[in-house]
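Working notes, structure below.
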Amino acid sequence: EVRAAIQHLGVSRIGHGVRAIEDPALVAELAEKGIVLEVCPGSNVALGVYPTLADHPVKALRDAGVAITISTDDPPFFHTDMTQEFTALADTFGWGDDDFRALNTTAIKAAFCDEKTRARIADKLENTDV
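Okay, so the sequence shown: first residue is 18 according to this note's numbering, each after it adds one.
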């Protein structure tokens, strides 16, 4: 339960949590507090949470101002990798380089690592052509 995690654990990020889209007040709270959702669209479709990627709320969450990252969940099990996840999002929602750079910037900011590591990764992203 996303709301319980926010209220009782004071989390800064939540794995999955995409069904929060069903509660507009919760979506607003996630956006307002900057709580990051680690979204795994491919696994959500593979597991039948959503019938197709086009039905997945990843775009709606992002459009509502929720900070999201894209993850693979379990690459060997779902036969995917980040390239496939990003390609599917580009094909389905028309996302481009700026979108993926923004998603990766969010991931860096939300990473559980020290500031030196965070800065090194951010510098690498900033100085890499997408």
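Glycine residues also receive a C-beta, built at the ideal position from the N, C-alpha and C atoms.
Nothing here was measured: the structure is a model prediction, and the numbers come from that model.
Beta bridge counterpart(s) of residue i as assigned by DSSP
i     : result
Ile31 : Leu54
Thr86 : Glu55
Residue i: first and last residue of the uninterrupted beta strand (DSSP E) it sits in
i      : result
Thr134 : Taken as a continuous stretch (DSSP letters only), Thr134 belongs to no beta strand (DSSP E), being part of the alpha helix (DSSP H) at 132-143.
Inter-residue Cα distance where the pair is residue i and residue j
i      : j      : result
Ala81  : Lys133 : 31 Å
Ile138 : Arg20  : 31 Å
Leu54  : Asp146 : 25 Å
Asp116 : His25  : 32 Å
Val62  : Pro74  : 11 Å
Thr123 : Ala84  : 7 Å
Met99  : Phe110 : 16 Å
Ala45  : Thr69  : 25 Å
Ala105 : Arg118 : 16 Å
Phe95  : Glu102 : 11 Å
Arg36  : Glu49  : 17 Å
Glu143 : Glu18  : 35 Å
Helix, strand or coil at residue i [DSSP, three-state]
i      : result
Phe95  : helix
Glu102 : helix
Thr69  : coil
Pro74  : coil
Glu39  : helix
Glu49  : helix
Residue range of the unbroken alpha helix (DSSP H) whose run includes residue i
i      : result
Ala81  : Where Ala81 is concerned, there is no enclosing alpha helix (DSSP H), given that its DSSP letter is neither H nor E.
Asp114 : 114-127
Residue i at chain B interface by Cβ criterion, 8 Å
i     : result
Thr86 : Structure shown: chain B not included; a single protein chain is present.
Whole-number beta carbon distance between residue j and residue i, since they are thought to touch under 8 Å
i     : j     : result
Val66 : Ser88 : Actually they are not in contact, since the Cβ atoms of Val66 and Ser88 sit about 14 Å apart, beyond 8 Å.
Leu78 : Ile31 : With 8 Å as the limit, Leu78 and Ile31 do not qualify as a contact, their Cβ atoms being about 12 Å apart.
Gly59 : Thr97 : 5 Å
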